[in-house]
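Remember, the working numbering sits 125 above the position in the sequence shown when you count from 1. Idealized CB from N, CA, C, for every residue including glycine.
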Amino acid sequence: MQEKVLLLDFGGQYAELIARRIREMNVYAEIRPFQGITVEEIRREGYRALLFSGGPNSVTSADAPHFDPAVLSLGIPILGICYGHQLIAHMAGGTVESGNVSGEYGKIEVETDASPLFENIPERITTWMSHMDSVKTAPAGFRVIARSKGGVIAGLSDEGRKIYTLQFHPEVTHTDYGKAILRNFLYRIAECAGDWHVENFITDSVEKYRNMLQGKKALLALSGGVDSTVAAVLLNRAIGDDLTCVFVDHGLLRKNEGDVVEQTLKSRFDMNIIRVNAKERFLQKLSGVTEPEKKRKIIGEEFIRVFEAKAEELGRINYLVQGTIYPDVIESGTGNASVIKSHHNVGGLPKDIGFDGIIEPLRCLFKDEVRKVGSALGLPKEIVERQPFPGPGLAIRVIGEITEEKLRILREADAIFREEIDRAGLTERPDQYFAVLTNTMSVGVRGDMRSYGYILALRAVSTDDFMTADWSRIPFEVLEKASDRITTELKEISRVVYDITSKPPATVEWE
Ligand code: XMP
């Protein structure tokens, strides 16, 4: 059985980062909101270790998240971080002081004591703190193993029960030896074996689905994006021809995109792909539509209709395969973020077409792990390292009404911009970069003649999670080259501008 550890999420902004750090150390980490699991379930699941995340609350307030203290006596090693540190101290009978007096923010020097958690770590380290409350007295049976320069308790341990807590954040890079501390917890204290490797994941998944789907048929909606492509290749390895991929081409993809995906999958993996060219249908429905949310809804609905029709034609299919990945699962689990835009994904397909079930082979993977699985399965770099592309495609990058002509211009301009960024070989490549065709015209001059054409915007952002993003500081020379080429090669564009707005207040996409 796959060894795993559980991260109980108390609402901290770093929960995902903690899980990723742990997985980088070859231990499989699962995140669960603290309300979503009981002590009994934790015992049953056989976790090798537990971690308590940080969180924005104060343990002393009435409505603060708490957890059943019985968890401390399960005999499973525990590491509490930030709020987790205060909560464990509080649960075990220590006192936590509330308020501003003992708060610490930013880089704080900490002195550590001898402890298995700090094995091979200097006595003095710089750590990253962000807390208002602090532990005033350690609970009975606990020892103080770290103190900040200001005298605040920065670490506790009950070595008998293998319970450790830290006021600082070992998961962020600002904490010296943060990774080493996490590694000590996982390998020295919790004695993990570290069996989480992409290759094992592939072998296990292939075996699992081969057994599960014997004699059954599965259908996958291929969008051309990384997730559904990797899911397709993985399932294809498990069940070969019993998997059919339906690739709905809505005519809103980037230059050559549909062809590259289709040809790669067919030629390298001998995959069963049906491409439905539905461009006319989508453009007709979108004709005259200018409102962004309406565009999204039309595309989402139309996608489902086209897919349904194809599925019906294919006859009895047992399972629907989806490229859902772990961040989608976590988001829908806690799901309190307000809807800024209704995101359309192939994940939103109807569940009532008559399938016996849904299969989500990448459900437990982070994006970078999906890419690793893709590479290990033999997908080329151009596909695995592809930047994210929205489900509604270029429809939300052509501002205002969509026409075939505008799509053609945008496709070319976008290809030039991406080519120039790739050619520049930037050390810090933006995480997403693309062109937007505005519906504003502007005057220009070409060969002594007045010209009048579209304003094209270039957008590039750097981000970890796309929830917030910074506009990328691309070298001027690269922007200049892109602008020159775009205005020379595309007479329809009179002016190129660069978007220097971060998210928030802007979003990544313009619509
Ligand atoms: P925004 O514009 O919301 O974009 O800041 C954040 C990230 O999400 C992508 N995006 C979408 N992806 N369907 C998708 O599958 C959508 O409707 C959609 N809208 C935005 C966007 O490209 C960026 O990576």
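Cut-off 6 Å between Cβ atoms - residues of its own chain near residue i, not counting five sequence neighbours on either side
| i | result |
| --- | --- |
| G205 | F177, I213 and T290 |
| V235 | I250, T252, A271, S273 and A279 |
| L133 | F159 and F177 |
| Q127 | Y153 |
| V164 | D193, A195 and V196 |
| S567 | I580, S619 and R620 |
| L502 | V358 |
| I527 | L411 and A520 |
| D367 | K342 |
| V184 | Q211, L212, H215 and V221 |
Close beta carbons around residue i, own chain, < 8 Å, minus the five adjacent residues each side
| i | result |
| --- | --- |
| R536 | R379, K380 and L519 |
| K391 | I398 |
| E545 | V603, K606, A607 and R610 |
| V269 | D238, A263, I278, G280 and L281 |
| I327 | L359, R362, V498, A501 and L502 |
| L551 | I599, P600 and V603 |
| P629 | T593 |
Status (buried if at least 16 other CB within 10 Å, exposed otherwise) for residue i
| i | result |
| --- | --- |
| A265 | exposed |
| T298 | exposed |
| H215 | buried |
| S330 | buried |
| T593 | exposed |
| D547 | exposed |
| I625 | exposed |
| P505 | exposed |
| F601 | exposed |
| K436 | Per the sequence presented here, residue 436 reads as Ala, with Lys not at that position. Result: buried. |
| P615 | The residue you asked about is not Pro; residue 615 is Leu in the sequence shown. Classification for L615: buried. |
| G349 | buried |
| T565 | exposed |
Residues near residue i by beta carbon distance below 7 Å, same chain, minus five either side
| i | result |
| --- | --- |
| S463 | Note on S463: pLDDT 41, under 50, position unreliable in the model; no value is reported. |
| E617 | I534, G578 and Y579 |
| D556 | Q512, V586, S587 and T588 |
| R157 | L131, L133 and D134 |
| N637 | Outside the displayed range of the chain (126 to 636) lies residue 637, so it cannot be described from this structure. |
| A140 | L132, D134, I156 and S178 |
| V633 | Q557, V586, F591 and A594 |
| E387 | F372, I398 and R400 |
| S627 | A594, D595 and W596 |
From the options, residue whose alpha carbon lies closest to that of residue i
| i | options | result |
| --- | --- | --- |
| C207 | S627, R173, I143 and R610 | I143 |
| P190 | G180, V130 and S198 | G180 |
| M396 | F372, K404 and P417 | F372 |
| E229 | N182, P194 and F293 | F293 |
| L631 | D595, R543, G349 and D453 | Checking the sequence shown, residue 631 turns out to be Ala, not Leu. When only C-alpha atoms are compared, the closest one is D595. |
| G171 | L199, R146 and T237 | L199 |
| V358 | T262, A538 and G499 | G499 |
| N336 | D320, E324 and I364 | I364 |
| R148 | L338, E248, A436 and K304 | K304 |
| T262 | A217, I233 and G275 | A217 |
| R308 | W321, L345 and F243 | F243 |
| R571 | G136, T613 and D384 | T613 |
| F559 | T565, E636 and R584 | R584 |
| L347 | R145, R169 and I429 | I429 |
| C74 | V509, G482 and D453 | With the chain running from 126 to 636 in the structure shown, residue 74 is simply not present. |
| P515 | V446, G276, L551 and G425 | G425 |
| V622 | E636, L615, A582 and F326 | A582 |
| E636 | S576, V561 and I599 | V561 |
| I508 | L408, E382, H322 and G209 | E382 |
| D301 | G376, G231, V446 and S186 | G231 |
| W321 | C370, P486, E494 and G276 | E494 |
| I233 | E530, G137, G219 and P295 | P295 |
| G136 | R598, R496 and I455 | I455 |
| K333 | I599, G413, V385 and I484 | I484 |
| E324 | T563, G276, I524 and R496 | R496 |
Cβ-Cβ separation, residue j to residue i (assumed contact under 8 Å), whole Å
| i | j | result |
| --- | --- | --- |
| A356 | G448 | 4 Å |
| R406 | V431 | 7 Å |
| I246 | I288 | The pair is not a contact, with the Cβ atoms about 19 Å apart (cut-off 8 Å). |
| S353 | L360 | 10 Å between Cβ atoms; not a contact. |
| L175 | I167 | 7 Å |
| F491 | R145 | 6 Å |
| G482 | Y444 | 6 Å |
| P241 | A315 | 10 Å between Cβ atoms; not a contact. |
| G150 | L408 | Per the sequence shown, residue 150 should be read as Met rather than Gly. Actually they are not in contact, since the Cβ atoms of M150 and L408 sit about 49 Å apart, beyond 8 Å. |
| I442 | F480 | 6 Å |
| G219 | F267 | 7 Å |
Original post:
With contact counted as at least three CB pairs below 8 Å, one residue from each stretch, are the region 219 to 239 and the region 254 to 261 in contact?
Top reply: Yes, they touch.
Original post:
Is the number of C-beta pairs between the region 409 to 418 and the region 506 to 526 that are closer than 8 Å three or more?
Top reply: The region 409 to 418, when compared against the region 506 to 526, does touch it at the 8 Å Cβ threshold.
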